[in-house]
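Count along the sequence shown from 1, then add 2; that gives the number in the numbering used here.
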Amino acid sequence: MAGAGLRAAARRWLLCGGHGGPRAASSSPSCPGCGPPGPGAHCPSTPRSAPADSADLSAHLWARYQDMRRLVHDLLPPEVCSLLNPAAIYANNEISLSDVEVYGFDYDYTLAQYADALHPEIFNAARDILIEHYKYPEGIRKYDYDPSFAIRGLHYDIQKSLLMKIDAFHYVQLGTAYRGLQPVPDDEVIDLYGGTQHIPLYQMSGFYGKGPSIKQFMDIFSLPEMALLSCVVDYFLGHGLEFDQVHLYKDVTDAIRDVHVKGLMYQWIEQDMEKYILRGDETFAVLSRLVAHGKQLFLITNSPFSFVDKGMRHMVGPDWRQLFDVVIVQADKPNFFTDRRKPFRKLDEKGSLHWDRITRLEKGKIYRQGNLFDFLRLTEWRGPRVLYFGDHLYSDLADLMLRHGWRTGAIIPELEREIRIINTEQYMHSLTWQQALTGLLERMQTYQDAESRQVLATWMKERQELRCITKALFNAQFGSIFRTFHNPTYFSRRLVRFSDLYMASLSCLLNYRVDFTFYPRRTPLQHEAPLWMDQLCTGCMKTPFLGDMAHIR
3 MAGAGLRAAA RRWLLCGGHG GPRAASSSPS CPGCGPPGPG AHCPSTPRSA PADSADLSAH
63 LWARYQDMRR LVHDLLPPEV CSLLNPAAIY ANNEISLSDV EVYGFDYDYT LAQYADALHP
123 EIFNAARDIL IEHYKYPEGI RKYDYDPSFA IRGLHYDIQK SLLMKIDAFH YVQLGTAYRG
183 LQPVPDDEVI DLYGGTQHIP LYQMSGFYGK GPSIKQFMDI FSLPEMALLS CVVDYFLGHG
243 LEFDQVHLYK DVTDAIRDVH VKGLMYQWIE QDMEKYILRG DETFAVLSRL VAHGKQLFLI
303 TNSPFSFVDK GMRHMVGPDW RQLFDVVIVQ ADKPNFFTDR RKPFRKLDEK GSLHWDRITR
363 LEKGKIYRQG NLFDFLRLTE WRGPRVLYFG DHLYSDLADL MLRHGWRTGA IIPELEREIR
423 IINTEQYMHS LTWQQALTGL LERMQTYQDA ESRQVLATWM KERQELRCIT KALFNAQFGS
483 IFRTFHNPTY FSRRLVRFSD LYMASLSCLL NYRVDFTFYP RRTPLQHEAP LWMDQLCTGC
543 MKTPFLGDMA HIR
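See below:
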C-alpha cells in the first residue's frame with residue numbers, strides 16, 4: 003500500500019534522529035543525503051565516512067546520489083498515485099457549512115460552466131473585428147486559436163509587449179516570458195527589468211490587476227484575449243511593422259470587449275446550449291438541495307437578464323427564479339461592491355426598467371445594477387453566514403472577503419485537469435526526485451573541491467531539467483497556474499487570500515453534507531517543518547538538534 007511506503011520512509015527518518023533527545027554529533031555524514039561532518043542527525047544503520055581525497059569525494063557524492071535514488075524508488079510504490087480527488091473541495095480557511103445560512107452565486111463559469119469550444123469563437127470574432135473595424139492587416143486572419151498556448155493568471159507588460167508568469171514574490175519565472183509567440187531569453191528579461199527578475203507590481207498594477215503598466219489576466223474569458231494579443235504582436239514583429247504597444251493592447255482589448263458588448267457570445271450560447279453549457283443538471287441538483295435544507299439563495303451577475311434567463315431555463319427549468327430569494331443582473335462588478343451611488347432598478351419580464359424606488363428586494367423579481375451597501379441594508383445578510391461563489395478572484399471575491407467578511411468559494415475549472423496530472427506516476431516520481439535532489443544539493447554544497455563542484459553542477463543541471471519536465475506536463479510555455487518551479491504563482495497567492503474554499507465546479511458541493519466542516523491542512527512554515535519532502539526522502543533531519551544549537555543566541 004502507498005501508506006506502507008510512506009510509513010517505511012518515516013521509520014527511516016526516525017532512525018536518523020527524528021525523535022528523542024539530542025544525540026552526539028557524528029564525525030562523518032552517515033545517512034543518505036546527509037551533509038559533511040558537523041552537528042546534526044546521523045543514521046547509525048548505514049555508516050559511511052567522507053573521504054578526504056578529491057576523487058574519493060566525488061565517488062562519495064555519487065554514492066549518496068545512488069542511495070537517494072533507491073530511497074525515492076522505495077518511497078513511491080505505484081499505489082501512491084491518484085491520491086487527490088478532482089471532485090474534492092479544498093479549504094484555505096476553516097469553514098463549517100452549518101454556519102452558512104445564505105448562498106450567493108455569480109452566473110458565468112459558476113452556475114453556468116462553458117465548454118472550451120467557446121474560446122475559438124471569441125478569438126475568431128475579435129480577430130475579424132480588428133481587421134474589419136480597426137483596419138489591422140488582413141494577414142492576421144491566418145492565425146487560429148491555440149488552446150494550449152496560454153494559462154489563466156499571467157501578467158502582460160503593456161509597454162514591453164511581454165506576456166509572463168509571475169510568482170507570489172513578484173518574480174518572473176524564467177523561461178515563461180513571451181513576446182508574441184516567441185519565448186524571450188532569460189538574460190533579455192532580466193535586462194528589461196534593470197538586472198532583476200523582480201517586477202514592482204505595486205507600482206505598475208492596481209489592486210484589480212488592471213494596470214496602468216501591467217495587466218493580469220484573471221478570468222477564463224481572458225484565454226482567447228491572451229492568444230489574440232500574442233498572435234497580433236507575432237504578426238507585427240514577424241513582418242517588421244512598427245507599432246505602438248499601448249495602442250495595440252487597447253485595440254485587442256476593445257475588440258474582445260466588443261464580442262461581449264455586442265452580444266455575440268450570448269448569441270452563440272443561446273443558439274446551442276447543449277454544446278456550450280456543461281453540467282446543467284448538476285447545477286440544478288446543487289440549488290435544489292440547498293433550498294430543500296432551508297438555505298436562502300441569491301444571484302449577482304454582470305450578464306443581462308435575457309441571457310441568464312435562457313441559460314437558467316435550460317439548466318433548471320422555467321421556474322428557476324423560485325429557487326432564488328434575490329436576482330440581480332448587470333450588476334457591474336467589482337464596482338457593485340465599492341460604489342454606493344448606483345441604485346437598484348426593477349426589470350419586468352420583457353427587460354423594461356421600472357422607475358419606482360426600491361425599498362425591498364422581493365423573491366421572484368429581477369433587479370438591475372444597485373450596490374452592495376443597499377443590498378446589505380435591505381437583506382441584512384452580513385458576515386460569515388453568507389457564502390458567495392464566483393470564478394473571478396478580483397471581481398467576484400476580493401471585496402466581499404476583505405471589506406465585508408463574507409465567506410467565499412472560488413470556482414477554478416482548471417483544477418480538475420491539474421489534479422489529474424498531479425496524480426500521474428510521471429509527475430509524482432519527477433517531483434519527488436526533484437525534491438530529493440534539491441535536498442542533496444543543499445547538504446552537499448559544503449564540498450567545494452574541483453571534483454565535487456563538478457558533481458554538484460551536474461546535479462544542478464539535472465534539477466533544472468526535472469523542473470522543465472514537470473512544468474511542461476501542465477503547459478509547455480507557462481506550466482501550472484498554481485506554481486512556478488517551487489513558489490506559488492501570483493494567481494495562487496490571490497486564490498489563498500480571497501477564497502475560503504476552492505473547487506473545480508459548483509457540483510463538487512454534492513459530495514459533501516450541508517453541515518460539513520472543511521479543515522485546511524496545516525502546511526508547515528519553513529521554521530517549523532520537521533518533515534519536508536526532501537527531508538523525508540533523504541532520511542534525515544535538515545535542522546540540527548536543539549542540544550547542538552545551544553550556543554546559538
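For glycine and all other residues, C-beta sits at the position ideal for the given N, C-alpha and C. Here the structure is a predicted model, which means the values were calculated and not measured.
In chain order, what residues of the same chain have a beta carbon less than 7 Å from the beta carbon of residue i, not counting five sequence neighbours either side?
i	result
tyrosine 268	Phe309
histidine 316	Met275, Ile279 and Gly282
leucine 156	Leu165, Met166, Lys167, Phe219, Met228 and Phe480
phenylalanine 307	Val331, Leu349, Gly353 and Ile368
tyrosine 429	Ile423, Thr472 and Leu475
Identify the residues that DSSP records as bridge partners of residue i: which are they?
i	result
glycine 392	Ala412
leucine 158	Going by the sequence as given, residue 158 is tyrosine instead of leucine. DSSP, once it has assigned bridges, lists Leu165 and Lys217 as partnering tyrosine 158.
glutamine 298	Val104
phenylalanine 520	Ile97
serine 207	Pro214
arginine 72	DSSP, once it has assigned bridges, lists no residue as partnering arginine 72.
histidine 200	Tyr173
proline 88	None, per the DSSP bridge assignment.
Tell me the rounded alpha-carbon separation between residue i and residue j.
i	j	result
aspartate 221	glutamine 436	32 Å
arginine 409	tyrosine 173	30 Å
arginine 399	threonine 303	The displayed chain sequence assigns leucine, not arginine, to residue 399. About 13 Å.
tryptophan 64	valine 191	35 Å
asparagine 94	glycine 197	35 Å
tyrosine 504	glycine 242	45 Å
glutamine 324	serine 98	26 Å
glutamine 161	asparagine 425	40 Å
lysine 277	proline 122	14 Å
glutamate 382	aspartate 101	16 Å
arginine 129	asparagine 477	24 Å
glutamate 244	histidine 200	28 Å
Who are the near neighbours of residue i in its chain, counting only those whose CB is closer than 6 Å to its CB and skipping five residues on each side?
i	result
tyrosine 521	Glu96
leucine 239	Gly182
methionine 314	Trp322
glutamate 272	Lys312
arginine 495	Ala170
tyrosine 92	Tyr504
glutamine 447	none
isoleucine 483	Ile153, Arg154, Gly155, Glu416 and Phe493
leucine 203	His172
Should residue i go down as buried or exposed, given a rule of 16 or more other Cβ atoms within 10 Å for buried?
i	result
serine 290	exposed
threonine 519	exposed
proline 336	buried
tryptophan 644	The shown model of the chain, from 3 to 555, leaves out residue 644, and the question about it has no answer.
asparagine 513	exposed
isoleucine 554	Summary for isoleucine 554: the model assigns pLDDT 32, below 50, so the residue's position carries little reliability; its value from the coordinates is reported in the next sentence. Flag for isoleucine 554 reads exposed.
cysteine 233	buried
glycine 37	Residue placement at glycine 37 is flagged as unreliable, the pLDDT there being 39, under the threshold of 50; the coordinate-derived value follows with that caveat. By the neighbour-count rule (16 or more Cβ atoms within 10 Å), glycine 37 is buried.
arginine 1	For residue 1 there is no data in the structure shown, the boundaries of the chain being 3 and 555.
serine 47	The pLDDT assigned to serine 47 is 33, lower than 50, so where the model puts this residue is not dependable; a value taken from the coordinates is nonetheless given after this. The residue is exposed, with fewer than 16 neighbouring Cβ atoms inside 10 Å.
threonine 361	exposed
glycine 106	buried
aspartate 189	exposed
serine 150	exposed
histidine 44	Because histidine 44 sits at a pLDDT of 38, beneath the cut-off of 50, its placement in the model cannot be relied upon, and the following sentence gives the value as read from the coordinates. The residue is buried, with at least 16 neighbouring Cβ atoms inside 10 Å.
glycine 1	A question about residue 1 goes unanswered here, because the residues of the chain that appear run from 3 up to 555.
What residue range is occupied by the uninterrupted beta strand (DSSP E) comprising residue i?
i	result
lysine 348	346–349
valine 559	Any answer about residue 559 is impossible in this case: the structure gives the chain only from 3 up to 555.
threonine 178	174–181
isoleucine 360	Counting along the chain, isoleucine 360 falls outside any beta strand (DSSP E), and DSSP gives it neither H nor E.
glutamine 371	368–371
leucine 527	Segment: none, leucine 527 is in no beta strand (DSSP E) and carries neither H nor E.
Check whether the Cβ of residue i lies closer than 8 Å to any Cβ atom in chain D.
i	result
cysteine 510	No chain D is part of this structure, which consists of one protein chain only.
Between which two residues does the alpha helix (DSSP H) holding residue i run?
i	result
tyrosine 429	427–446
valine 310	307–317
phenylalanine 493	492–500
tyrosine 237	224–240
glutamine 269	266–273
leucine 132	120–134
threonine 381	374–381
isoleucine 330	Unbroken run through isoleucine 330 is the beta strand (DSSP E), 328–331; no alpha helix (DSSP H).
leucine 503	Run containing leucine 503: none in the alpha helix (DSSP H); it sits in the beta strand (DSSP E), 503–505.
arginine 465	452–476
Excluding the 5 residues preceding and the 5 following residue i in the sequence, name in chain order all residues of the same chain whose CB lies nearer than 8 Å to its CB.
i	result
alanine 474	Gly481
leucine 443	Leu458, Trp461, Met462 and Arg465
aspartate 393	Asp108, Asp110, Tyr111, Thr112, Asp221, Ile222, Ala412, Ile413, Ile414 and Pro415
With respect to 7 Å, is the separation between the Cβ of residue i and the closest non-hydrogen atom of the ligand FMN below this value?
i	result
phenylalanine 487	By its list of ligands, the structure shown contains no ligand whatsoever, and the ligand FMN lies outside what it can speak to.
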